[in-house]
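Participant: Quick one: the structure is below, and I'll ask about it shortly.
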Amino acid sequence: MKREAQSIRNDVSERNLCAHLAHELISELNRPGWGGYYADTEYNRKQGGQVKTLMDDQLQIMSITCDLIVHSRGEIPGKDNLIAVEMKKTVHSAQAKDSDRRRLIALTRSSYDGVWSADGKTLPEHVCGYEVGLLIELDNRSGEAGVEEYRRGELVRTHTFHF
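Structural data, given as structure tokens:
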């Protein structure tokens with residue numbers, strides 16, 4: 010994010026900032042051991058071109074488009090989903106941030122019903138199983154970013170850094 014500090018201070022759109030973060034992640038994914046993974050912004054499809062969905066706490070099915078994800082696009086079923094990122098500026102409403110938090114909790118759950126296919130090829134109907142979810146909240150006035158880290162459907166850590 011330090012490379013984008015001036016853009017953040019200039020209040021550039023979150024979509025633009027996520028695209029730049031995706032480029033940074035792609036550089037990391039090109040290193041040995043990460044073959045088959047992609048960093049995608051605003052990605053909304055799953056296998057077969059279907060719209061990605063998740064289940065919220067009330068088991069309601071919702072379509073989903075995450076700001077940035079690192080995944081295998083279904084090519085590595087046993088470890089398809091790695092990172093889900095939601096980015097918000099501090100000026101957004103608490104309701105918008107809470108919506109992103111609920112999405113990250115749902116995305117980082119291991120499964121919705123505890124049932125997985127045994128064939129190692131069939132992916133769950135609804136998107137879940139991300140290793141980590143990150144809510145990044147940017148404050149362009151103070152030059153600080155707050156990060157909330159989610160794993161297994163729970164908030165596990167928060168920290169702040171300067172850009």
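According to the working numbering, the sequence shown holds residues 10 to 172 in order. All residues carry an ideal CB built from backbone N, CA and C; glycine is no exception.
Look at the alpha carbon of H101 and the alpha carbon of L38, and state the distance between them as a whole number of angstroms.
Facilitator: Cα to Cα, H101 sits roughly 31 angstroms from L38.
Participant: Answer yes or no: do R111 and V141 have a C-beta to C-beta separation smaller than 8 angstroms?
Facilitator: In this structure, V141 does not lie closer than 8 angstroms to R111 by Cβ.
Participant: Would the region 149–167 and the region 23–34 be scored as touching if the rule is three or more Cβ pairs under 8 angstroms?
Facilitator: Verdict: no, contact absent.
Participant: Measuring alpha carbon to alpha carbon, tell me which of L26, Q104, A105, C75 ends up nearest L116.
Facilitator: Residue C75 is the option with its Cα nearest to L116.
Participant: Roughly how many angstroms separate the alpha carbons of H168 and P86, rounded to a whole number?
Facilitator: Between H168 and P86, the C-alpha separation is close to 31 angstroms.
Participant: What's the gap between the Cα of A93 and the Cα of W43?
Facilitator: So the alpha carbons of these two residues sit roughly 16 angstroms apart.
Participant: Within its chain, find whatever has a CB closer than 8 angstroms to the CB of K106; leave out the 5 residues flanking it on each side and keep chain order.
Facilitator: Excluding positions up to five away in sequence, the list reads K97, L144, E146.
Participant: Straight-line CA distance for M10 to G138?
Facilitator: In a straight line, the C-alpha of M10 is about 26 angstroms away from that of G138.
Participant: At the level of alpha carbons, what is the spacing between L26 and E84?
Facilitator: Whole-angstrom Cα-Cα distance: 27 angstroms.
Participant: Can you check DSSP and say which residues form a bridge with H168?
Facilitator: Answer is V156, bridged to H168.
Participant: In chain order, what residues of the same chain lie with their CB nearer than 6 angstroms to the CB of F170, ignoring the 5 residues before and after it?
Facilitator: Excluding sequence neighbours, F170 sits near A154.
Participant: Name the residue from E13, L113, S22 whose alpha carbon lies nearest to the alpha carbon of E158.
Facilitator: Per the Cα distances, L113.
Participant: Can you pull the DSSP bridge partners for R77?
Facilitator: The identity of residue 77 in the sequence shown is Leu, whereas the question assumes Arg. DSSP output for L77 lists T50, V94 as bridge partner(s).
Participant: Could you check the C-alpha separation between D109 and A103 for me, to the nearest Å?
Facilitator: The alpha-carbon atoms of D109 and A103 are separated by roughly 10 angstroms.
Participant: How many whole angstroms separate the CB atoms of L91 and T50, which I take to be in contact at a CB cut-off of 8 angstroms?
Facilitator: Actually they are not in contact, since the Cβ atoms of L91 and T50 sit about 15 angstroms apart, beyond 8 angstroms.
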